Structures are given as C-alpha cells and as structure tokens.
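Asker: If you scroll down you'll find the structure; I have some questions about it.
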Amino acid sequence: MDFGQEQKTSRLQLREISPDEARRICRFILQVAGISINFSKNRFLETRLNPLLEKYGSPDYWSLLTEAKADASGAMAQDLIDAVATNETRFFRDAGPFELFQYKIIPYLTANRLPDSTGKIPIRIWSAACSTGQEVYSLAMCLKESLPNLRNYKINLLGSDISQRALDRAREGVYSKFEIARGLDEARLKKFFIPEGNAYRIRGEIREMVNFKSVNLLEPINGFKEWDLILCRNVAIYFRQDHRKWLFNQLANTLEPDGFLVAGASESLAAMCSRFIPKMFSSCTYYQRRF
Ligand SMILES: C[S@@+](CC[C@H](N)C(=O)[O-])C[C@H]1O[C@@H](n2cnc3c(N)ncnc32)[C@H](O)[C@@H]1O
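Here the sequence shown is numbered in our numbering, starting from 713 and rising by one per residue.
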C-alpha cells in the first residue's frame, strides 16, 4: 500500500465525533487543564482521541468522556489531556532566553545570592510546562557551562508539566536524532549526550541536576516559593484570558522580589498582570516584579 493510500484508509477509520460530544469533551479539558480547544476542530479531536477509544474499548466519545469523569484514579482524564496537549518543544528554543540566562541571570544570581547555612549559594529555577524536558535540560547545560565550580551552589532545577506522558519522556532523557538536530549544536551534543542505538541519552551529570514533577498550572501552586527564575513559555497561549491572568498573578507570588520571569515569544504580559515590568536583554523580553 502506498503512503497516500495508507493515510486515506486511516482517515476513513477515524470514528466521527458529533458536535455535542466535541463540545462536552472540550469543556471537560478546559475545566481540568485550562486548555482551550475550539470544539469545531473535529478532525483534530478525532485524530487525537481515536487511539483512546481503542485503548479503553469505548464505543463512542460520549462513553469515553463518561468513563473518564467516573474514573476516580484520574488516569483516563490524564490520557485525555495527554492526547490533546501540544507538547511541541526543542532544545534552546528561541535562543534569546538562554542567552539572557547565561549572560545576565547567572552572573546576577552568583553576585547577589548569599550562601545558606551549608555554605552553598542557593539557585532556584523552575521550567513550568517543560514538556519532554528539552527546555529544562537546556538550562542545566547552561549552568554546567557557566559555573565550573557547581559544587559551591545548591541548584534546585525543577521541570514540571501536566502531561504524564511528557514527564515520563523528560525523566528518561532519551531523544531521537530528529529532536537532537532541532536546537543542539555538535559541541553540546558531544559534551552532554551519549549515543544509544538510533538516539541519544542525556548524560547522568545533567540528568541528575533536574527534578521533575506533575503540576497543573491552573491549580494553586502551594509550597512553590522564592524562585530566582521561572520559565513559563508557550503554555498560556492555550489558556483563556481569565486563566492567563490568574496564572501570571500566581507566578508573581512565587517569584523572589528580584527574580526573573520569561514567557513565550508571542506571550506578552501587558494588560495581563500589572505586577510585572517588562525589560529587555538583547532581543529577549523578560519580566520582573514591580515594587
Ligand atoms: C508547547 S509545550 C511548551 C514546552 C516548553 N515550555 C517550550 O516552550 O518549548 C506546552 C506544554 O504545556 C503543558 N500544559 C498544558 N496545559 C497545562 C497546565 N494546565 N498545567 C501545566 N502544564 C500544561 C502541555 O502538556 C505541554 O507540554
């Protein structure tokens, strides 16, 4: 069978979603994850959700949703979110935020943070919505390159996401040649990765610098405080305006008074959260709290 024919067949095999099913599933996903999907995107929903009909043996999308709501373990709801979430990411995405980190934020933090009772200088960084890990590992590589005496620092580098599937991949730290080619240069590939079959595994020294955790950014993030840097990029674009406002207000509460926030290149906080002042480093916008 040629590829075109195969595509046509798999399209024919997709079970159709009714407008009512689409509306209800989109409403559920909005409630649980804040991800706003246009429910007229039938083809998108059918393509993403069909594998779940197979997996759970559900006769239609209506049953799938009813079972997900009734599933006390939350595993089915998690599968629904995983299916529709856009996990697109890459190493050193947009370059600017990583230059900001390497040439402004790291020097600022090393000069301005005091050692704690163990004699180490604490640095706390959170990649909120880290997807499959490329963003937070890019930060870890920058730290490794910029701080040869890493032992003098207590680095708390956290990657979080709502998607378990994405977090599992991030924890594994194995990337295909295609994923590696999108953003990593030859020097960093050699320095920080080990070839494994057709893929590359991130070296233990970088993997061990990062902790991963499941966090829904639309739930109160209790206990998360005093971050020196938060990257929250390319996730708020999927949220409604009121959810975006709530999120950035919440992030302002968790940031150190002189901490840094970086949003996605197309995500301006103007008119969204008056508690931040936009600043520029080279061509990269970042935000700091207003006093
Ligand atoms: C497009 S990726 C962005 C990844 C990375 N920050 C970057 O810019 O390359 C968006 C990520 O947001 C996550 N996400 C969506 N809704 C979320 C929520 N309510 N809480 C936490 N993460 C969420 C998705 O699972 C996905 O991995």
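By construction, the Cβ of each residue, glycine as well, lies at the ideal position given by its N, Cα and C atoms. Treat the numbers as computed from the prediction; the structure is a model and nothing was measured.
#1: To which residues of the same chain is residue 888 closer than 6 Å at the C-beta, ignoring the five residues directly before and after it?
#2: Rounded to whole angstroms, how far is the Cβ of residue 812 from the Cβ of residue 759, which I believe are closer than 8 Å?
#3: Kindly indicate which three-state DSSP category residue 908 falls into: helix, strand or coil?
#4: In the DSSP assignment, what residue or residues form a beta bridge with residue 997?
#5: Can you find at least 3 beta carbon pairs, one from the region 823-832 and one from the region 868-881, that sit closer than 8 Å?
#6: Would you mind giving the Cβ-Cβ distance between residue 895 and residue 993, rounded to the nearest angstrom? I have them listed as a contact below 8 Å.
#7: Here's a check: name, in chain order, each residue in its chain whose Cβ is nearer than 6 Å to the Cβ of residue 997, leaving out the five neighbours to either side.
#8: Going by beta-carbon coordinates alone, are residue 964 and residue 985 separated by less than 8 Å?
#9: Would the region 908-922 count as touching the region 943-961 if we require 3 or more Cβ pairs under 8 Å?
#10: When we look at the beta-carbon of residue 657 and count the other beta-carbons within 10 Å, is it buried (16 or more) or exposed?
#11: Measuring alpha carbon to alpha carbon, tell me which of 740, 753, 892 and 784 ends up nearest residue 728.
#12: Report the option in 921, 926 and 886 whose CA atom is closest to the CA atom of residue 914.
#13: In the DSSP assignment, find the unbroken alpha helix (DSSP H) run with residue 919 in it and report its ends.
#14: Decide if the region 852-859 is in contact with the region 925-935; the criterion is three or more beta carbon pairs, one per stretch, under 8 Å apart.
#15: Taking 7 Å as the cut-off, is the CB of residue 1036 close to at least one heavy atom of ligand 1?
#16: Buried or exposed: residue 936, going by 16 or more other Cβ atoms within 10 Å of its Cβ?
#17: Please report the Cβ distance between residue 774 and residue 800, rounded to the nearest whole angstrom; I am assuming they are in contact, meaning their Cβ atoms lie under 8 Å.
#18: Is residue 888 near ligand 1, judged by its Cβ being under 7 Å from some heavy atom?
#19: Can you have a look at residue 917 and say buried or exposed, based on whether 16 or more other CB atoms are within 10 angstroms of its CB?
#20: Excluding five sequence neighbours on each side, which residues of the same chain lie with their C-beta closer than 6 Å to the C-beta of residue 1015?
#21: Given the structure, does residue 979 come close to ligand 1, in the sense that its CB is under 7 Å from one of the ligand's heavy atoms?
#22: So what does DSSP say about residue 938, is it helix, strand or coil?
#23: Entirely within the region 875-900 and at least 3 residues each: give me those beta strand (DSSP E) ranges in chain order.
#24: Report, in whole angstroms, the separation of the C-beta atoms of residue 871 and residue 922, which I expect to be a contact under 8 Å.
#25: In three-state DSSP terms, what is residue 808?
#26: If you measure from the CB of residue 801, is any heavy atom of ligand 1 nearer than 7 Å?
#27: Residues in its own chain within less than 7 Å of residue 762 by CB, not counting five upstream and five downstream?
#28: When the Cα atoms are used, what is the spatial distance from residue 724 to residue 796?
Answerer: Looking at the atomic coordinates:
#1: In the sequence shown, counting from the first residue as 1, residue 888 sits at position 176. Closer than 6 Å at Cβ, skipping near neighbours: 911.
#2: Taking the sequence shown and counting its residues from 1, the one referred to as residue 812 is at position 100. Taking the sequence shown and counting its residues from 1, the one referred to as residue 759 is at position 47. Not a contact, Cβ separation roughly 37 Å.
#3: Translated into positions along the sequence shown, residue 908 becomes position 196. DSSP places residue 908 in strand when its eight states are reduced to three.
#4: The residue you call residue 997 lines up with position 285 of the sequence shown. Answer by DSSP bridge pairing, in chain order: 992.
#5: no
#6: Taking the first residue of the sequence shown as position 1, residue 895 is located at position 183. Taking the first residue of the sequence shown as position 1, residue 993 is located at position 281. Not quite, the Cβ-Cβ distance comes to about 20 Å (not below 8 Å), so this is no contact.
#7: Reading the sequence shown from its first residue, position 285 is the one you call residue 997. Result list for residue 997: 990, in chain order.
#8: As a position in the sequence shown, residue 964 is number 252, starting the count at 1. As a position in the sequence shown, residue 985 is number 273, starting the count at 1. For residue 964 and residue 985, yes; Cβs fall inside 8 Å.
#9: no
#10: In the structure displayed, the chain extends from 713 to 1003; residue 657 sits before or after that span and is not available.
#11: Looking up residue 728 in the sequence shown gives position 16. Measuring from the Cα of residue 728, the nearest candidate turns out to be 753.
#12: For the purposes of this step, residue 914 is taken as the residue at position 202 of the sequence shown. Comparing Cα positions, the closest option is 886.
#13: Position 207 of the sequence shown holds residue 919. Counting along the chain, the alpha helix (DSSP H) containing residue 919 begins and ends at 916-919.
#14: no
#15: It is not possible to answer for residue 1036, since the shown part of the chain is limited to 713 through 1003.
#16: Residue 936 sits at position 224 when you count from the first residue of the sequence shown. Burial call: buried.
#17: The sequence position of residue 774 within the sequence shown is 62, counting from 1. The sequence position of residue 800 within the sequence shown is 88, counting from 1. In fact, because the Cβ distance is near 29 Å, the residues do not count as touching under 8 Å.
#18: Your numbering for residue 888 matches position 176 in the sequence shown. No, the Cβ of residue 888 stays beyond 7 Å of every heavy atom of ligand 1.
#19: By one-based count along the sequence shown, residue 917 stands at place 205. Exposed, because fewer than 16 other Cβ atoms sit within 10 Å of the Cβ of residue 917.
#20: Only positions 713 to 1003 of the chain appear in this structure, which leaves residue 1015 out of reach.
#21: The residue labelled residue 979 in the question sits at position 267 within the sequence shown. No.
#22: Your numbering for residue 938 matches position 226 in the sequence shown. Coil, per DSSP.
#23: 886-888
#24: Taking the sequence shown and counting its residues from 1, the one referred to as residue 871 is at position 159. Taking the sequence shown and counting its residues from 1, the one referred to as residue 922 is at position 210. Confirmed, Cβ separation roughly 6 Å.
#25: By 1-based counting over the sequence shown, the position of residue 808 is 96. The answer is helix: DSSP assigns residue 808 an H, G or I state.
#26: Residue 801 sits at position 89 when you count from the first residue of the sequence shown. For ligand 1, at least one heavy atom lies less than 7 Å from the Cβ of residue 801.
#27: Counting from one through the sequence shown, the residue named residue 762 turns up at place 50. For residue 762, where only same-chain residues beyond five positions count, the Cβ hits under 7 Å are 726 and 727.
#28: For this step, residue 724 is matched to residue 12 along the sequence shown. For this step, residue 796 is matched to residue 84 along the sequence shown. The predicted model places residue 724 with a pLDDT of 49, which falls under 50 and marks its position as unreliable; any figure quoted below should be read in that light. Looking at the two C-alpha atoms, the distance is approximately 20 Å.
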